[in-house]
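Numbering (the working numbering), first residue to last: 71 to 479.
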C-alpha cells in the first residue's frame, strides 16, 4: 500500500508527501503556476527575472541575511522556470525542516523584490541568452521547442532579449501577484518527516494564502518543418522532435519502452548504429517528453564531421522509423531492466522523489508510488511493444540543424 499522502488545502493548493524512513534528509519541490505559458505576450522573460529575484531577500531579511539563514541550516535550494510552472526546490537535514520552511515560504509569499536587485537579475538573464552561442546543443533544443509546440507552450524559459531589457520592477511585481497564488500550486515533500507535523506546519504557513491564477492564453499554431541556422563551425548539431502520446495515456509506458530500445544505453540502437558502427557522431540519444496534455519524442546528434552530417540525420531518422519493424528479445529485456534500474535509483533520492510525486499530482491528478510504476513496466510485453511500434510510427518531424550547411530534410 502506498505511503504517499496527498490532500488539497481549502485555498486550492495541493500538498503531497512521501515519508522515507531510511533517510535522514528531506527535499521539497513547490510548483507555482508561473511558467512561461503564464507570461504576458510582451513580457517573455519576466518569470526568469522573478525566479532570480525571489532568491535575493524575503520577509524581514535582506538578500545576505536570508541567504545566510538558509546556509546555516544547510539548505540547498534552487529556482527554475518551466513550461507550466516556476519551481522552488530545496533539500536539507530532516530535523531542520521546521526552521527552514518558513524561510522558503517567505520567498513565495513575501519576496522583497527590491529595485536594486532588478538590474543584476536582468544581467544574469541576458547573459544566459548570450551564452546560447556557446551552447549550440541547448540552442537546438530551444529552437525545436519554439518551432514544434504551439505558443505559448513553445516559449523559451530564458525569455526574449528585447522583453528582458524593457521589463521594470512594477511588471515583475504584477506578475508575482498574478501567478504566485495557491490555486494551481503544488507542494511536494519526500524524506524524513512526520506527516501530521508537516501538514500542521504547511497549514500554519500557507493556509491563509489566497488567490487563483488566470487561465493561460489559448494556443496558436506552430511552424514546425525544417529550420537551419547558419554557423561557421566544425560541428553540426541535429535535433528532431515529433508527436507522441501524452503522459497520462496508458500507452505512454509503451512509448517510453520503445525509446529505451532506441536510446537506453551503450547497447541501444542509436548508440550502436549511429555512433559505433558508422562513427557518424560523438553524441546521440533520444528521449520521451511527456506532459499532461501532450507528448513528444526528442532526438539529438552532434558530429564533428560536417561532410557526414547528412548521413547522420538520415540514419538518425531511419532508426526512429525502423522501430515499426519490431524489437529483438535482448533489446526488450535490456530496455525493461534499464527502466526499472532508473526507478530504483530515483527511489534513493529524496530530491528526485519530491519532484516526482508533485509532478505526478499535476499530470495524473494523484501521486504514483515506485511500486505502481514498477508494476506498470512489468506489465509491458514484447507483443504489446511490437504492436505499439507498428501502429505508432513517427509522424511529421520538426528538425533543426546548426552548422555550416543546410541538410536535406
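Here a beta-carbon is modelled for each residue, glycine too, at the ideal position from N, C-alpha and C.
Beta-carbon proximity list for residue i, same chain, < 6 Å, skipping 5 on both sides
{"i": "residue 469", "result": "296, 310, 479"}
{"i": "residue 402", "result": "452"}
{"i": "residue 147", "result": "160"}
{"i": "residue 166", "result": "143"}
{"i": "residue 209", "result": "202"}
{"i": "residue 124", "result": "177, 181"}
{"i": "residue 150", "result": "157"}
{"i": "residue 14", "result": "Nothing in the structure corresponds to residue 14, since the chain is present only between 71 and 479."}
Under the three-state DSSP convention, the category residue i falls into
{"i": "residue 444", "result": "helix"}
{"i": "residue 98", "result": "strand"}
{"i": "residue 451", "result": "coil"}
{"i": "residue 136", "result": "helix"}
{"i": "residue 151", "result": "strand"}
{"i": "residue 474", "result": "coil"}
{"i": "residue 329", "result": "helix"}
{"i": "residue 259", "result": "strand"}
{"i": "residue 311", "result": "strand"}
{"i": "residue 407", "result": "helix"}
{"i": "residue 365", "result": "strand"}
{"i": "residue 251", "result": "coil"}
{"i": "residue 377", "result": "helix"}
{"i": "residue 84", "result": "strand"}
{"i": "residue 357", "result": "strand"}
{"i": "residue 208", "result": "helix"}
{"i": "residue 437", "result": "coil"}
{"i": "residue 214", "result": "helix"}
{"i": "residue 336", "result": "coil"}
{"i": "residue 160", "result": "strand"}
{"i": "residue 71", "result": "Any answer about residue 71 is weak, because its pLDDT of 42 lies below 50 and its placement is not dependable; what the coordinates show is given next. It is coil, neither helix nor strand."}
{"i": "residue 371", "result": "strand"}
{"i": "residue 414", "result": "helix"}
{"i": "residue 299", "result": "strand"}
{"i": "residue 232", "result": "helix"}
{"i": "residue 268", "result": "helix"}
{"i": "residue 65", "result": "In the structure displayed, the chain extends from 71 to 479; residue 65 sits before or after that span and is not available."}
{"i": "residue 431", "result": "helix"}
Cut-off 7 Å between Cβ atoms - residues of its own chain near residue i, not counting five sequence neighbours on either side
{"i": "residue 71", "result": "Legend: pLDDT at residue 71 = 42, less than 50; position of this residue unreliable, value from coordinates given subsequently. Here the set comprises nothing."}
{"i": "residue 460", "result": "394"}
{"i": "residue 238", "result": "none"}
{"i": "residue 374", "result": "304, 305, 352"}
{"i": "residue 329", "result": "356, 357, 358, 367"}
{"i": "residue 424", "result": "97, 98, 99, 258, 259, 260"}
{"i": "residue 78", "result": "84"}
Whole-Å CB distance - residue i paired with residue j, under 8 Å assumed
{"i": "residue 140", "j": "residue 271", "result": "In fact, because the Cβ distance is near 17 Å, the residues do not count as touching under 8 Å."}
{"i": "residue 408", "j": "residue 334", "result": "4 Å"}
{"i": "residue 467", "j": "residue 258", "result": "Between residue 258 and residue 467 the Cβ distance is about 34 Å, and since that is not below 8 Å, they are no contact."}
{"i": "residue 327", "j": "residue 450", "result": "5 Å"}
{"i": "residue 389", "j": "residue 344", "result": "7 Å"}
{"i": "residue 321", "j": "residue 458", "result": "6 Å"}
8 Å Cβ cutoff met for residue i and residue j
{"i": "residue 477", "j": "residue 383", "result": "yes"}
{"i": "residue 313", "j": "residue 366", "result": "yes"}
{"i": "residue 84", "j": "residue 276", "result": "no"}
{"i": "residue 301", "j": "residue 474", "result": "yes"}
{"i": "residue 340", "j": "residue 355", "result": "yes"}
{"i": "residue 186", "j": "residue 156", "result": "no"}
{"i": "residue 249", "j": "residue 368", "result": "no"}
{"i": "residue 323", "j": "residue 446", "result": "yes"}
{"i": "residue 431", "j": "residue 76", "result": "yes"}
{"i": "residue 164", "j": "residue 96", "result": "yes"}
{"i": "residue 386", "j": "residue 308", "result": "yes"}
{"i": "residue 117", "j": "residue 220", "result": "no"}
{"i": "residue 372", "j": "residue 207", "result": "yes"}
{"i": "residue 260", "j": "residue 444", "result": "no"}
{"i": "residue 287", "j": "residue 222", "result": "yes"}
{"i": "residue 93", "j": "residue 262", "result": "yes"}
{"i": "residue 113", "j": "residue 241", "result": "yes"}
{"i": "residue 337", "j": "residue 404", "result": "yes"}
Residue from the options with nearest C-alpha to residue i
{"i": "residue 429", "options": "82, 86, 80", "result": "86"}
{"i": "residue 290", "options": "111, 103, 168, 380", "result": "111"}
{"i": "residue 332", "options": "307, 280, 298, 392", "result": "392"}
{"i": "residue 100", "options": "243, 251, 129", "result": "251"}
{"i": "residue 267", "options": "168, 240, 326", "result": "168"}
{"i": "residue 231", "options": "136, 466, 385, 193", "result": "193"}
{"i": "residue 285", "options": "307, 308, 260, 254", "result": "254"}
{"i": "residue 464", "options": "263, 73, 325, 206", "result": "325"}
{"i": "residue 175", "options": "274, 283, 345", "result": "274"}
{"i": "residue 224", "options": "240, 294, 184", "result": "294"}
{"i": "residue 396", "options": "135, 462, 264, 131", "result": "462"}
{"i": "residue 363", "options": "336, 399, 342, 317", "result": "317"}
{"i": "residue 81", "options": "278, 200, 115", "result": "278"}
{"i": "residue 88", "options": "418, 398, 472, 448", "result": "418"}
Own chain partners of residue i with C-beta closer than 8 Å, once the 5 adjacent residues on each side are dropped
{"i": "residue 381", "result": "348, 350"}
{"i": "residue 196", "result": "231, 234, 235"}
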